[in-house]
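Just so you know, our numbering puts 101 at position 97 of the sequence shown, and the rest follows in order with no gaps. Using N, Cα and C, we set each Cβ at its ideal position, and we do this for glycine too.
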Amino acid sequence: KAMIVIGGITLGGGLTVLAFAVPIVHLAMGDKYLPAVPVLRFMSLIPFVCAINNIYGTQGMLNFGMKRAFSYIIMISGVVNICILVPLAYSFGAPGAAASGLITETVVTVFMGFVMYRKGIDIFPFGDRPCDAEITCAR
């Protein structure tokens, strides 16, 4: 249920910023900063991805005793981020760096969701998935 509420709020806010990035930058900082619009657009979705990531990781994996897998995912994501940050920032500047952050957070969220799913934990706020005998589903 937290995923629906928190995910809905952050997705709604992110899509609003994504759609209105030009007027937001224009009103908040002026025309001089319009080149920041692509950066804002990439970054607008990071709160949503991080919210889902937090639900899967902190509230899910750590509470179900998956600290080792959680730590492994975080370490791998650091390596992934460095590997994609350098070429994206070099090629596209600030928008590339912002895209790197969004890609990395998305990779973390997907991996955390995959681990939870493989352990038999219902990771979607809708539908029924039979529980694995290893861990009791949290519903």
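Boundaries of the alpha helix (DSSP H) in which residue i is found, first to last residue
i: A40; result: Counting along the chain, A40 falls outside any alpha helix (DSSP H), and DSSP gives it neither H nor E.
i: F118; result: 98-122
i: F24; result: First-last for F24: undefined, no H or E at that position.
Whether residue i touches residue j by CB criterion (8 Å)
i: A152; j: S104; result: In this structure the chain extends from 5 to 143, so residue 152 is not present and cannot be described.
i: V111; j: V84; result: yes
i: F115; j: I77; result: yes
i: G61; j: F52; result: no
Residues near residue i by beta carbon distance below 6 Å, same chain, minus five either side
i: I127; result: G117, M120, Y121
i: I10; result: A55
Beta-carbon contacts of residue i that lie in its chain and below 7 Å, excluding the five residues immediately before and after
i: R143; result: The predicted position of R143 is uncertain, since its pLDDT is 45 and thus under 50; a value taken from the coordinates is nonetheless stated next. The answer, listed in chain order, is D126.
i: L66; result: F74
i: P99; result: P42, V43, F46
Cβ pair count under 8 Å reaching 3, the region 48-68 against the region 16-25: Under the three-pair Cβ rule at 8 Å, the region 48-68 counts as touching the region 16-25.
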